[in-house]
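These protein sequence lines map, in sequence, to chains A and L. For the first sequence, this note's numbering begins at 94 and goes up steadily by one. For the second sequence, this note's numbering begins at 55 and goes up steadily by one. Backbone N, C-alpha and C define an ideal beta-carbon position, used for all residues, glycine too.
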Amino acid sequence: MPVMLRIAFRNLLEHKAKSLIIGVLLALGVIILIVGNSFMDTAAKGVKDTFIGNYTGDVFVAAKNKNPVSLFGVQSMGQRDATPNIPDFDRIAAKLASLPGVTGVTSQVTGFSLLAHKSNESDQGFALLFGIDPSTYYKLFDNAVVLEGSLLKPGEDGLVMSRAMLDRMQKDAGWSPKLGETLLLTGMGKAGFKIRSVPLTGIIRFKSDSEATSFISYVDVNTLRILNGMTLGNDEETPVSEDQKKLLATTNEDELFGAETLVSEQKPEATPSAAPPPRKAIEIDTGAWNFMLARVTNPSVAPRTIATLNAWFASEGIEAQAGDWKAAAGPFAQSIDVLRVVFNIAIIIVAIVAVIIMMNTLVISVIERTGEIGTMRALGAQKGYVRKMFLVETLTIAGVFGLIGMALSFAIIAILGAMHIEAGNPFLEILFAGKVLNLSVNPGSVAWSMVLVGMVAVIAHLYPVSLALKVEPVRAMQVE
Amino acid sequence: MKRLLGPFAAALAAAFLLAAPAGAATTDFKAILAQIDKMQDFGSSDFSAVYNIVSEKPGENPATTQIKIFRRDLQNQILILLQKPEKQKGQGYLKIDDNVWFYDPESGNFSHSTMKENINNTDAKSSDFKRYTFAADYDIQKTEEGKLGSYEVWIFTLAAKNTEVSYQKIRLTVRKDKAVPLKEEDFSVSDRLMRTTLFLPTYIKAGDRQIPAKIKMVDELNKGNQSVLTISDVTVSKLPDSVFTKAFLERAQ
Chain A
94 MPVMLRIAFR NLLEHKAKSL IIGVLLALGV IILIVGNSFM DTAAKGVKDT
144 FIGNYTGDVF VAAKNKNPVS LFGVQSMGQR DATPNIPDFD RIAAKLASLP
194 GVTGVTSQVT GFSLLAHKSN ESDQGFALLF GIDPSTYYKL FDNAVVLEGS
244 LLKPGEDGLV MSRAMLDRMQ KDAGWSPKLG ETLLLTGMGK AGFKIRSVPL
294 TGIIRFKSDS EATSFISYVD VNTLRILNGM TLGNDEETPV SEDQKKLLAT
344 TNEDELFGAE TLVSEQKPEA TPSAAPPPRK AIEIDTGAWN FMLARVTNPS
394 VAPRTIATLN AWFASEGIEA QAGDWKAAAG PFAQSIDVLR VVFNIAIIIV
444 AIVAVIIMMN TLVISVIERT GEIGTMRALG AQKGYVRKMF LVETLTIAGV
494 FGLIGMALSF AIIAILGAMH IEAGNPFLEI LFAGKVLNLS VNPGSVAWSM
544 VLVGMVAVIA HLYPVSLALK VEPVRAMQVE
Chain L
55 MKRLLGPFAA ALAAAFLLAA PAGAATTDFK AILAQIDKMQ DFGSSDFSAV
105 YNIVSEKPGE NPATTQIKIF RRDLQNQILI LLQKPEKQKG QGYLKIDDNV
155 WFYDPESGNF SHSTMKENIN NTDAKSSDFK RYTFAADYDI QKTEEGKLGS
205 YEVWIFTLAA KNTEVSYQKI RLTVRKDKAV PLKEEDFSVS DRLMRTTLFL
255 PTYIKAGDRQ IPAKIKMVDE LNKGNQSVLT ISDVTVSKLP DSVFTKAFLE
305 RAQ
């Protein structure tokens, strides 16, 4: 092998320009991969830490549903699906709290509502509402700084909104509520429209504010239960006539429009009555929750806890599901995955282009060396020897320039760190996993980048080698 | 402001007081649309009716909603009162000109609303109970002849003139013998069929008008979701002025 290496280095030095082209390409590839992956890893960690620490916890429990359920409701196309309540809530809560490594559990209800002035219903805004149990929620999520008023207190009716949300309302709708002002919340839940008035009891700033999460407002859970229609005695059976059943079942339009026109007389009705029988008083389902969230001692405990819970749900026949922070964050967690997919697609495109350029350069190199290869073959070098020679050359160049690229990547990451680039806005703070960009190098990503670059080089050399092996020794020597 | 359109209005358009048979080559299609608009406008008389809406969704039991509608077209006033199910009894909408309020009897609060929301998870929207303005809001793109069941029909393809209407494209199937809609297909901006409404040829005679008594609505976006509406207790007599007030909704509690 040392002979091979010597030949490889000699050939690489002999064809400096071509070696440099291929080498620079490989080094650039390594830089893009290492620095890019470092950005991706940092952003993923930032989003993960932000969500786990502020909104989702490590373990998320929701009722099973045909569509994905996240902390922000049911993700479905074209219709508003009500977020299902957790079945067997008390048993699941007891089970979750008893699992090793679980440090805290809280519950939540999620809903959406219109916000309006009590005195002027036409001034409206939109809010994403988290109905929480303040006695447990703030122990898990120390996510807010109180600017005015206070956080929700157990047993107190009220609404807590973020300053960012209020500023947005002021900008978009021309008004925003003041502390202590009574607001009308209009929800569209299972029981249709519901309106509740609640005072604005607190104005906060989220510690990791972002455009998306600033929409979150906290409300006492019973108010949200009413807005969502989470009330007892809702599901009365109403009779459906045979005629209505038949109409629902008939899909054939010829059948529906086959009959002759039928006109019936209508008895004139007296003045409409404005006094129907009194309605039953509303009874809130105080045990109803949409989600359970738990923190664990160590992130590595979370997958085991989730697996244990899901196995227990299956064995007990409970229609619930446990997931990680990604399941809870739903569309927000997917954004970082989408970013990574886009990055990977870009890498694949760059790799294909690099393979083509390298292949071309190597082909030219092979053509230039036709005489040399022919002579070697004439002197008894087997095809395997020639193949090995080119492979060693390719791997040598990949190794040398890969290492150069790696060193440059580390230098770039160090320079970016030394520059103390500030996030400037909350969204970048999440992506930077802090207020300042501090990229970390993942050894796995570095190893993978080197392997990938090596693979690109090997793939690129296959075709030129096949050309080299087709060279007839006699003809090759004539060229020389 | 242009009015939103809706199949209920088309249903009311079937109050074919002045219905006239349509000829073939010399047919004035714009006039047919105008006739549909005009004939469902109750003008100086009021209108009230009870709608029973049975909604069906896959995997769920059919749910019944009963609403009572009061309309005074001359003053652009509508009051919708929910009577069933029990949990929503007393909820209502009041529309006066361009203002729409929703009333929640449990809290006694009014909220500004829009007429685009679906009523109690049915396939009917509150805007469906407004007057129709086909001729004003839509251009006729195409007309075809066809047959629907045993009825000879004109099929209008209508394109919205403005963005204030609920649907940018409608395919409206109208009886040839009378300017009465039998079927309305509502399309999205991307030309996707959103909802089909069938006005069955069963009518209630109220005064000198005939109102479709059975309507079927099919949600084309969410397969299996459909609603059937049956109409009863139709009146076209004068309603008290107090009906079209917030106080009426509060009293109805």
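- Query: Going by other Cβ atoms of all chains shown within 10 Å of its Cβ, with 16 needed for buried, is residue 508 of chain A buried or exposed?
  - Reply: Position 415 of the first sequence, counting from 1, holds the residue named residue 508 of chain A. The residue in question, residue 508 of chain A, is exposed, as its Cβ has fewer than 16 Cβ neighbours within 10 Å.
- Message: Would residue 164 of chain L pass as an interface residue toward chain A - the criterion being a Cβ-Cβ separation below 9 Å?
- Response: Walking along the second sequence from the start, residue 164 of chain L turns up at place 110. Yes, contact with chain A.
- Query: Around the C-beta of residue 567 of chain A, are 16 or more other C-beta atoms found within 10 angstroms, so that it is buried, or is it exposed?
  - Reply: Indexing the first sequence from 1 puts residue 567 of chain A at position 474. Flag for residue 567 of chain A reads exposed.
- Item | Test: residue 348 of chain A CB closer than 9 Å to a CB of chain L | Looking up residue 348 of chain A in the first sequence gives position 255. Yes, its Cβ sits closer than 9 Å to a Cβ of chain L.
- Query: Under a CB-based cut-off of 9 Å, is residue 76 of chain L close to chain A?
  - Reply: One-based indexing of the second sequence puts residue 76 of chain L at position 22. Residue confidence for residue 76 of chain L is low, a pLDDT of 42 falling below 50, so the modelled location carries little weight; the figure read from the coordinates is stated next. No - not a single Cβ of chain A is within 9 Å of the one on residue 76 of chain L.
- Compare the beta carbon distance of residue 270 of chain A and residue 259 of chain A with 9 Å and say whether it is the shorter of the two. On the first sequence, position 177 is the one that residue 270 of chain A refers to. On the first sequence, position 166 is the one that residue 259 of chain A refers to. Their beta carbons are under 9 Å apart, which means residue 270 of chain A touches residue 259 of chain A by this criterion.
- Message: With a threshold of 6 Å on Cβ separation, who are the neighbours of residue 230 of chain A within its own chain once the five nearest residues in sequence on each side are excluded?
- Response: Residue numbering aside, residue 230 of chain A sits at position 137 when the first sequence is read from its first letter. Answer for residue 230 of chain A: 199, listed in chain order.
- Query: If you draw a straight line from the alpha carbon of residue 364 of chain A to that of residue 273 of chain L, how long is it in whole angstroms?
  - Reply: Here the question's residue 364 of chain A lines up with position 271 in the first sequence. Here the question's residue 273 of chain L lines up with position 219 in the second sequence. Because residue 364 of chain A carries a pLDDT of 47, less than 50, the predicted location of this residue cannot be relied on, and the following value inherits that uncertainty. Approximately 35 Å between the Cα atoms of the pair.
- Between residue 279 of chain A and chain L, is there a C-beta pair that is closer than 9 Å? In the first sequence, residue 279 of chain A corresponds to position 186, counting from 1. Closer than 9 Å to some Cβ of chain L, the Cβ of residue 279 of chain A qualifies, so yes.
- Message: If I follow the unbroken alpha helix (DSSP H) through residue 432 of chain A, where does it start and stop?
- Response: Here residue 432 of chain A refers to the residue found at position 339 of the first sequence. Residue 432 of chain A -> alpha helix (DSSP H) spans 424 to 461.
- Message: Determine whether the beta carbon atoms of residue 210 of chain L and residue 222 of chain L lie at a separation below 9 Å.
- Response: Translated into the one-based positions of the second sequence, residue 210 of chain L becomes position 156. Translated into the one-based positions of the second sequence, residue 222 of chain L becomes position 168. Not a contact, by the Cβ cut-off of 9 Å.
- Task: Consult DSSP for residue 103 of chain A and reduce its assignment to one of helix, strand or coil.
- Result: Here residue 103 of chain A refers to the residue found at position 10 when the first sequence is read from its first residue. Helix, per DSSP.
- chain C residues whose Cβ lies nearer than 8 Å to that of residue 351 of chain A: Protein chains A and L are contained in the structure displayed, whereas chain C is not.
- Query: Along chain L, which residues have their Cβ under 9 Å away from the Cβ of residue 205 of chain A?
  - Reply: On the first sequence, position 112 is the one that residue 205 of chain A refers to. Near residue 205 of chain A there are no residues of chain L at all, since even the closest Cβ is about 13 Å away, more than 9 Å.
- DSSP on residue 210 of chain A, reduced to helix/strand/coil? The count along the first sequence starts at 1 and reaches residue 210 of chain A at position 117. Residue 210 of chain A falls in the strand class under three-state DSSP.
- Item | Length-filtered (3 minimum) beta strand (DSSP E) runs lying within the segment 285 to 340 of chain A | 285 to 299, 309 to 313
- Query: If you drop the 5 nearest sequence neighbours on each side, which residues of the same chain put their C-beta closer than 7 Å to that of residue 455 of chain A?
  - Reply: As a position in the first sequence, residue 455 of chain A is number 362, starting the count at 1. Result list for residue 455 of chain A: 553, 554, 557, in chain order.
- Task: May I ask you to list the residues that DSSP assigns as paired with residue 155 of chain A?
- Result: What you label residue 155 of chain A is simply residue 62 of the first sequence in a count that begins at 1. A:384, A:414, per the DSSP bridge assignment.
- Message: Can you check whether the C-beta of residue 157 of chain A is within less than 9 Å of a C-beta belonging to chain L?
- Response: Residue 157 of chain A sits at position 64 when you count from the first residue of the first sequence. Chain L, which has no Cβ nearer than 9 Å to the Cβ of residue 157 of chain A, makes this no.
- Message: What would DSSP say about residue 495 of chain A, mapped onto helix, strand or coil?
- Response: One-based indexing of the first sequence puts residue 495 of chain A at position 402. Helix, per DSSP.
- Query: What three-state label does DSSP hand residue 117 of chain A in the structure shown?
  - Reply: Within the first sequence, the letter at position 24 stands for residue 117 of chain A. Residue 117 of chain A: helix per DSSP, three-state reduction.
- Query: For residue 332 of chain A, is the classification buried or exposed, using 16 other Cβ atoms within 10 angstroms of its Cβ as the cut-off for buried?
  - Reply: Numbered from its first residue, the first sequence carries residue 332 of chain A at position 239. Burial call: exposed.
- Specify, as a first and last residue, the run of the beta strand (DSSP E) that residue 106 of chain L falls within. The count along the second sequence starts at 1 and reaches residue 106 of chain L at position 52. First-last of the beta strand (DSSP E) with residue 106 of chain L: 101 to 110.
- Message: Threshold first: 4 residues or longer. Then list the alpha helix (DSSP H) segments lying entirely within the segment 170 to 252 of chain A, N to C.
- Response: 182 to 191, 227 to 233
- Between the Cα of residue 297 of chain L and the Cα atoms of L:131, L:196, L:121, L:207, which residue gives the shortest distance? Mapped onto the second sequence, residue 297 of chain L falls at position 243. Selected option, being the one with the closest Cα: L:131.
- Over what stretch of residues does the beta strand (DSSP E) that includes residue 473 of chain A continue unbroken? By one-based count along the first sequence, residue 473 of chain A stands at place 380. Where residue 473 of chain A is concerned, there is no enclosing beta strand (DSSP E), given that its DSSP letter is neither H nor E.
- Query: What first and last residue would you give for the beta strand (DSSP E) that runs through residue 226 of chain L?
  - Reply: In the second sequence, the residue the question calls residue 226 of chain L occupies position 172. Unbroken beta strand (DSSP E) run through residue 226 of chain L: 223 to 229.
- Cα separation between residue 216 of chain L and residue 187 of chain L? As a working mapping, residue 216 of chain L is identified with position 162 in the second sequence. As a working mapping, residue 187 of chain L is identified with position 133 in the second sequence. Distance between the alpha carbons of residue 216 of chain L and residue 187 of chain L is about 12 Å.
- Message: By the DSSP assignment, the beta strand (DSSP E) with residue 247 of chain L in it spans what residues?
- Response: As a position in the second sequence, residue 247 of chain L is number 193, starting the count at 1. Where residue 247 of chain L is concerned, the enclosing beta strand (DSSP E) stretches over 247 to 253.
- Separation of residue 145 of chain L from residue 135 of chain L, as counted between CA atoms: Residue numbering aside, residue 135 of chain L sits at position 81 when the second sequence is read from its first letter. Residue numbering aside, residue 145 of chain L sits at position 91 when the second sequence is read from its first letter. In a straight line, the C-alpha of residue 135 of chain L is about 6 Å away from that of residue 145 of chain L.
- Cβ-based neighbour list, residue 561 of chain A, same chain, cut-off 7 Å, excluding 5 preceding and 5 following: As a position in the first sequence, residue 561 of chain A is number 468, starting the count at 1. If we look at residue 561 of chain A and ignore the five residues flanking it on each side, its Cβ neighbours are 459, 466, 479, 483.
- Message: Check whether chain A comes within 9 Å of residue 148 of chain L, counting only Cβ atoms and requiring the distance to be less than that.
- Response: Here residue 148 of chain L refers to the residue found at position 94 when the second sequence is read from its first residue. Taking Cβ atoms only, chain A never reaches closer than 9 Å to residue 148 of chain L, which makes this a no.
- With respect to the beta strand (DSSP E) encompassing residue 235 of chain L, which residues constitute its N-terminal and C-terminal limits? Here residue 235 of chain L is taken as the residue at index 181 of the second sequence, counted from 1. That run of the beta strand (DSSP E) goes 235 to 241.
- Can you tell me which of the three DSSP states residue 389 of chain A falls into? The residue given as residue 389 of chain A occupies position 296 in the first sequence. Note: residue 389 of chain A maps to strand in three-state DSSP.
- Message: To the nearest angstrom, how far is the alpha carbon of residue 200 of chain L from that of residue 276 of chain L?
- Response: Counting from one through the second sequence, the residue named residue 200 of chain L turns up at place 146. Counting from one through the second sequence, the residue named residue 276 of chain L turns up at place 222. Cα-Cα distance, rounded: 27 Å.
- Using a Cβ cut-off of 7 Å, pull out every chain A residue sitting near residue 161 of chain L, in sequence order please. For the purposes of this step, residue 161 of chain L is taken as the residue at position 107 of the second sequence. What residue 161 of chain L touches in chain A: 288, 289, 290.
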